[in-house]
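Q: Handing you this structure, nothing more for now.
There are 2 protein chains.
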Amino acid sequence: MENPLKSRFETDEILAAQAYLAAEPPADIDPRIERLVNDLIGRIADKWTLLVLELLEEKGTQRFTQIARQVDGISQKMLTQTLRQMERDGLATRTVHPVVPPHVDYALTPLGNSLSAAFCGVWIWAEKHLDTVEQARHRFDTRA
Amino acid sequence: MENPLKSRFETDEILAAQAYLAAEPPADIDPRIERLVNDLIGRIADKWTLLVLELLEEKGTQRFTQIARQVDGISQKMLTQTLRQMERDGLATRTVHPVVPPHVDYALTPLGNSLSAAFCGVWIWAEKHLDTVEQARHRFDTRA
DNA sequence: TCCATTTCTTACCTTTGGGTGTGTATGGCA
DNA sequence: TGCCATACACACCCAAAGGTAAGAAATGGA
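If you read the protein sequences in the order shown, they are chains A and B.
As numbered in the numbering used here, the first sequence has no gaps in its residue numbers, which increase by one up to the final residue, 175.
As numbered in the numbering used here, the second sequence has no gaps in its residue numbers, which increase by one up to the final residue, 175.
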């Protein structure tokens with residue numbers, strides 16, 4: 032509390048800000064597109080999808096139980112759900128071999144591969160800055 | 032149902048698969064790192080963080096209400112929460128100007144900028160393949 | 001006869017995410 | 001006097017996410 036509060040009307044800073052606010056962002060990209068993209072991101076950028084995507088990318092075709100045991104922590108229910116969604120979005124294919132007991136395997140489509148590639152930068156970032164983030168957190172937590 | 036079920040023991044395909052399963056993936060990347068990265072991804076790849084990150088990247092420093100009104104659909108609670116988390120992770124800075132009424136603004140740190148850059152590929156992917164995904168979904172839904 | 005096997009589905013229940021609404025501090029202004 | 005603005009915190013509540021567990025289906029083999 033070293034600084035006493037200042038009156039709000041000395042601050043043309045604030046008036047300027049308000050003027051800025053009043054003016055709509057002039058040429059936003061088509062807000063309809065914007066919404067769709069945000070929506071798509073929302074669904075794709077979910078944890079399980081990301082992990083399964085990465086797994087399929089690096090290991091190639093895999094069957095249900097293989098994925099299940101490699102994706103650490105995923106429940107069978109979530110895996111089914113995630114795979115269905117990926118199939119629906121055209122990211123993966125599902126192939127059923129009519130044998131008994133059932134044999135189903137999953138692979139990425141070209142679209143899935145391209146998404147995986149798009150996420151590549153993020154994975155690299157995460158690996159690279161892991162420590163930085165951990166430190167930042169620690170600093171934040173101890174100073175708060 | 033054109034194909035009758037086959038016995039499971041004619042399938043050396045399956046035996047091969049089992050053998051493959053038994054053999055652990057020989058040199059996985061350090062599973063400890065793997066877990067941490069996955070964890071980090073899980074927290075960063077959340078919808079609101081992504082949207083706020085993108086906003087701050089493209090518009091620069093913004094104050095609370097500015098963000099709130101641009102991020103379409105975010106509640107004040109979620110915005111506070113998201114910003115706190117980003118601050119904690121070292122992605123954004125929070126600057127309080129001691130005037131009344133309060134004036135607080137947020138900006139990305141270099142770390143935040145780098146993350147945003149890392150996500151760039153994903154945004155591009157989403158914009159580019161939006162239609163493809165929509166079509167895939169439609170096909171899936173009508174055929175199911 | 002009964003079991004093992006694989007990929008699910010469904011039902012049930014707990015946990016979390018997230019919305020709403022209210023309170024707070026402060027000093028101009030009507 | 002009382003209301004406004006701003007950036008929250010906090011409490012309450014509902015809905016959705018996600019875990020657990022059971023069952024189904026088919027058939028060769030013990």
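A virtual CB, placed ideally from N, CA and C, is assigned to each residue, including glycine.
Taking the beta strand (DSSP E) that residue 123 (chain B) falls in, what are its first and last residues?
A: Position 92 of the second sequence, counted from the start, is the residue given in the question as residue 123 (chain B). Here the beta strand (DSSP E) through residue 123 (chain B) covers 123-128.
Q: Please list the terminal residues of the continuous alpha helix (DSSP H) segment that includes residue 120 (chain B).
A: Mapped onto the second sequence, residue 120 (chain B) falls at position 89. Counting along the chain, residue 120 (chain B) falls outside any alpha helix (DSSP H), and DSSP gives it neither H nor E.
Q: Report the rounded CA-to-CA distance for residue 164 (chain A) versus residue 81 (chain B), giving the unit in angstroms.
A: Position 133 of the first sequence, counted from the first residue, corresponds to residue 164 (chain A). Position 50 of the second sequence, counted from the first residue, corresponds to residue 81 (chain B). Approximately 16 Å, taken between the alpha carbons.
Q: Would you say residue 114 (chain A) reaches chain B, if we count a Cβ-Cβ gap shorter than 7 Å as a contact?
A: Along the first sequence, one-based indexing puts residue 114 (chain A) at 83. No - not a single Cβ of chain B is within 7 Å of the one on residue 114 (chain A).
Q: For residue 103 (chain A), does the three-state DSSP call read helix, strand or coil?
A: Locating residue 103 (chain A) in the first sequence gives position 72, where the first residue counts as 1. In the structure shown, residue 103 (chain A) sits in coil (DSSP, three-state: anything other than H, G, I, E or B).
Q: Closer than 7 Å, Cβ to Cβ, to anything on chain B: give me those residues from the segment 67-83 of chain A, in chain order.
A: 67, 68, 69, 71, 72, 73, 76, 78, 81, 82
Q: With DSSP collapsed to three states, give me the class of residue 77 (chain A).
A: Locating residue 77 (chain A) in the first sequence gives position 46, counting from the first residue. In this structure, residue 77 (chain A) counts as coil in the three-state DSSP scheme.
Q: Residue 161 (chain B) and residue 67 (chain A): beta carbons closer than 7 Å?
A: Residue 161 (chain B) sits at position 130 when you count from the first residue of the second sequence. Residue 67 (chain A) sits at position 36 when you count from the first residue of the first sequence. Taking 7 Å as the Cβ cut-off, residue 161 (chain B) and residue 67 (chain A) qualify as a contacting pair.
Q: Does any residue of chain A bring its CB to less than 7 Å from the CB of residue 157 (chain B)?
A: In the second sequence, residue 157 (chain B) corresponds to position 126, counting from 1. Yes, because at least one Cβ of chain A sits closer than 7 Å to the Cβ of residue 157 (chain B).
Q: Can you tell me which residues form a DSSP beta bridge with residue 139 (chain A)?
A: Position 108 of the first sequence holds residue 139 (chain A). In the DSSP output, where bridge partners are listed per residue, residue 139 (chain A) has A:123.
Q: Which residues of chain A have a Cβ atom closer than 8 Å to the Cβ of residue 224 (chain B), listed in chain order?
A: The structure shown does not extend to residue 224 (chain B), since chain B is modelled only from 32 through 175, so no value can be given for it.
Q: If we ignore side chains and look at the alpha-carbon of each, how far apart do residue 166 (chain A) and residue 135 (chain A) end up?
A: Position 135 of the first sequence, counted from the first residue, corresponds to residue 166 (chain A). Position 104 of the first sequence, counted from the first residue, corresponds to residue 135 (chain A). Taking the straight line from one Cα to the other gives about 43 Å.
Q: When you compare the segment 90-103 of chain B with the segment 142-159 of chain B, are there three or more beta-carbon pairs, one atom per stretch, that lie closer than 8 Å?
A: no
Q: Bridge partners of residue 94 (chain A), per DSSP?
A: In the first sequence, the residue the question calls residue 94 (chain A) occupies position 63. Residue 94 (chain A) pairs with A:136.
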